[in-house]
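Each residue of the sequence shown is one higher than the one before, starting from 623 at the first, in the working numbering.
The beta-carbon is built from N, C-alpha and C at its ideal position, and this holds for glycine as well.
Nothing here was measured: the structure is a model prediction, and the numbers come from that model.
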Amino acid sequence: MGWDPVVLFFVFGLAAGLLRSELKLPPALYETLSIILLLAIGLHGGVELAEQASPALVGQMALVLLMGLLLPLVAFPLLMLLRFSRVDSANIAAHYGSVSAGTFAVVVAYLTAQGVFFESYMPLFVAILEVPAILVGIVLARGVSRGTPWRALGREIFLGKSIMLLLGGLIIGVLAGKEAVAPLEPLYTSMFAPVLAFFLLEMGLIASKQMGALRRVGIRLVGFALLMPWIGAATGLGFASLMDLSVGGTAMLATLGASASYIAVPAAMRLALPQANPSLSLGASLGITFPFNILIGIPLYLQIAQYMNEARIL
Numbered sequence: 623m624g625w626d627p628v629v630l631f632f633v634f635g636l637a638a639g640l641l642r643s644e645l646k647l648p649p650a651l652y653e654t655l656s657i658i659l660l661l662a663i664g665l666h667g668g669v670e671l672a673e674q675a676s677p678a679l680v681g682q683m684a685l686v687l688l689m690g691l692l693l694p695l696v697a698f699p700l701l702m703l704l705r706f707s708r709v710d711s712a713n714i715a716a717h718y719g720s721v722s723a724g725t726f727a728v729v730v731a732y733l734t735a736q737g738v739f740f741e742s743y744m745p746l747f748v749a750i751l752e753v754p755a756i757l758v759g760i761v762l763a764r765g766v767s768r769g770t771p772w773r774a775l776g777r778e779i780f781l782g783k784s785i786m787l788l789l790g791g792l793i794i795g796v797l798a799g800k801e802a803v804a805p806l807e808p809l810y811t812s813m814f815a816p817v818l819a820f821f822l823l824e825m826g827l828i829a830s831k832q833m834g835a836l837r838r839v840g841i842r843l844v845g846f847a848l849l850m851p852w853i854g855a856a857t858g859l860g861f862a863s864l865m866d867l868s869v870g871g872t873a874m875l876a877t878l879g880a881s882a883s884y885i886a887v888p889a890a891m892r893l894a895l896p897q898a899n900p901s902l903s904l905g906a907s908l909g910i911t912f913p914f915n916i917l918i919g920i921p922l923y924l925q926i927a928q929y930m931n932e933a934r935i936l
């Protein structure tokens, strides 16, 4: 079985960047691709949520919120042990407590290509996981301080691009329903993989630029960026078991736990902790963790989820 061509687009972009090629995508195209992906994910989730919503979902949402609070509390002491400053530790922990919408798009495409069922309301969990880690990170860094720009921060968190697009798509899908959304269905079916491929090409180019920052920082950050996905995935697997998710849903929640934000959290933390070094958090999340999850992690999380399901049946 050959490599997934969508993933190969990321490898191509990463290689082109490392070789210092002149290949570049227009910034406006990258913005457009990310908007289409996030809206498509939200829209598909909303359409299915309208048909599958149940009281059990409320309990699952509460557990996902708890997971979002727990992950940065696990990452923070690890970073302090690795001798990063308190502010940088809190900043990086917030990135790893939150989620990567790009990684989520890849796992959606991967599970769909493999024919693996997953709960279609998972985009709702992505939106829930964006917020708590940011708040925990701020409290870890500076406590509850009057100097924290809570109003501007709240606007950045709740009205930021990724959450607005995901929730907007979800709400449109729920209100419109499957039949009304049918003309837009190619957004999350036939168009999804090509759009994701070009998005990952650009992500490969961006990730290659973070490699230099990682070389300057050293092995401590690289070690954390490779260890934390396993801790996050294990946490996601545990919570998925409590939530009684399907094999695909379990693999997806493990992927969300293993991922690290590089869109919503950097913008919010820049407001809250301007003294934090953004090259550390972005170098780890984009330079190491994102490629690890795309190339190695997602297939492994699916295999573990399948093994867990078989063990439960036996």
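Check: Are the beta-carbon atoms of G668 and G854 separated by less than 7 Å?
Finding: Position 46 of the sequence shown, counted from the first residue, corresponds to residue 668. Position 232 of the sequence shown, counted from the first residue, corresponds to residue 854. In this structure, G854 does not lie closer than 7 Å to G668 by Cβ.
Margin query: Would L818 and A880 qualify as a contact pair, given that the criterion is a beta-carbon distance under 7 Å?
Written below: As a working note, residue 818 is residue 196 in the sequence shown. As a working note, residue 880 is residue 258 in the sequence shown. Not closer than 7 Å, so no.
Check: How would you call M623, buried or exposed, if buried means at least 16 neighbouring beta carbons within 10 angstroms?
Finding: Within the sequence shown, numbered from 1, the residue matching residue 623 stands at position 1. Low confidence applies here, because M623 scores a pLDDT of 44, under 50, leaving its location unreliable; read the following figure in that light. By the neighbour-count rule (16 or more Cβ atoms within 10 Å), M623 is not buried but exposed.
Next item on the list: Excluding the 5 residues preceding and the 5 following V721 in the sequence, name in chain order all residues of the same chain whose CB lies nearer than 7 Å to its CB.
Entry: For this step, residue 721 is matched to residue 99 along the sequence shown. Listed in chain order, the non-local C-beta contacts of V721 below 7 Å within the same chain comprise V748, L751, E752, L878, S881, S883, local neighbours out to five positions each way being set aside.
Item checked: Inter-residue Cα distance where the pair is G871 and M744 -> Position 249 of the sequence shown holds residue 871. Position 122 of the sequence shown holds residue 744. As the crow flies, the alpha-carbon of G871 is around 8 Å from that of M744.
Item checked: Residues near L679 in its chain [Cβ-Cβ closer than 6 Å; skip 5 each side] -> By one-based count along the sequence shown, residue 679 stands at place 57. Excluding sequence neighbours, L679 sits near nothing in its chain.
Item checked: Per-residue DSSP class, three states only, for M623 -> Mapped onto the sequence shown, residue 623 falls at position 1. Model confidence at M623 stands at a pLDDT of 44, short of 50, so the residue's coordinates are unreliable and nothing is read from them.
Notebook entry, point to check: Between the beta-carbon of V758 and the beta-carbon of L691, is there less than 7 Å?
Noted result: For the purposes of this step, residue 758 is identified with residue 136 of the sequence shown, where counting begins at 1. For the purposes of this step, residue 691 is identified with residue 69 of the sequence shown, where counting begins at 1. The answer is yes: Cβ separation under 7 Å.
Checklist line | Inter-residue CB distance, L660 and L848 (contact presumed, cutoff 8 Å) | finding: Locating residue 660 in the sequence shown gives position 38, counting from the first residue. Locating residue 848 in the sequence shown gives position 226, counting from the first residue. In fact, because the Cβ distance is near 27 Å, the residues do not count as touching under 8 Å.
Check: Nearest-angstrom Cα distance between Q736 and F632?
Finding: Here the question's residue 736 lines up with position 114 in the sequence shown. Here the question's residue 632 lines up with position 10 in the sequence shown. Between Q736 and F632, the C-alpha separation is close to 19 Å.
Note to self: Excluding the 5 residues flanking V738 on each side, which residues of the same chain have their C-beta closer than 8 Å to its C-beta?
What the structure shows: Counted from its first residue, the sequence shown places residue 738 at position 116. Within the same chain, V738 has close Cβ partners V869, G870, A873, L924.
Checklist line | Selection from L917, S907, F912 that minimises the alpha carbon distance to H717 | finding: Taking the first residue of the sequence shown as position 1, residue 717 is located at position 95. Checking every option, the nearest Cα to that of H717 belongs to S907.
Margin query: Measuring straight from C-alpha to C-alpha, what distance separates L589 and G719?
Written below: Nothing about residue 589 can be reported from this structure: the residues present for the chain run from 623 to 936 only.
Next item on the list: Take the Cβ of A774 as the centre, count every other Cβ of all protein chains shown within 10 Å, and call the residue buried at 16 or more, exposed below.
Entry: To locate residue 774, count along the sequence shown from 1; it is residue 152. It is exposed - the Cβ of A774 has fewer than 16 other Cβ atoms within 10 Å.
Notebook entry, point to check: How would you write the range of the alpha helix (DSSP H) that G724 sits in, first residue to last?
Noted result: Numbered from its first residue, the sequence shown carries residue 724 at position 102. Unbroken alpha helix (DSSP H) run through G724: 723-736.
Next item on the list: In angstroms with no decimal places, state the Cα-to-Cα distance between A727 and P771.
Entry: Here residue 727 refers to the residue found at position 105 when the sequence shown is read from its first residue. Here residue 771 refers to the residue found at position 149 when the sequence shown is read from its first residue. C-alpha separation (whole angstroms): 32 Å.
Next item on the list: Ignore the nearest five residues each way along the sequence and tell me which others in A876's own chain have a CB closer than 6 Å to its CB.
Entry: Sequence index remark: in the sequence shown, residue 876 carries index 254 (1-based). Excluding residues within five positions, the ones whose Cβ falls inside 6 Å are A855, G858, L859, Y923.
Margin query: Can you check which of these residues, L685, L809, R708, is closest to L867 by C-alpha distance?
Written below: Counting from 1 along the sequence shown, the entry for residue 867 is found at position 245. Here the closest residue by C-alpha is L685.
Margin query: Please state whether the Cβ-Cβ distance between L665 and G782 is less than 7 Å.
Written below: To locate residue 665, count along the sequence shown from 1; it is residue 43. To locate residue 782, count along the sequence shown from 1; it is residue 160. No, these two residues do not count as a Cβ contact at 7 Å.
Check: Counting along the chain, where does the alpha helix (DSSP H) carrying K783 start and finish?
Finding: Mapped onto the sequence shown, residue 783 falls at position 161. First-last of the alpha helix (DSSP H) with K783: 783-803.
Next item on the list: Would you grab the beta carbon distance between A829 and P913 for me? Rounded to a whole angstrom, and I think it's under 8 Å.
Entry: For the purposes of this step, residue 829 is taken as the residue at position 207 of the sequence shown. For the purposes of this step, residue 913 is taken as the residue at position 291 of the sequence shown. With 8 Å as the limit, A829 and P913 qualify as a contact, their Cβ atoms being about 6 Å apart.
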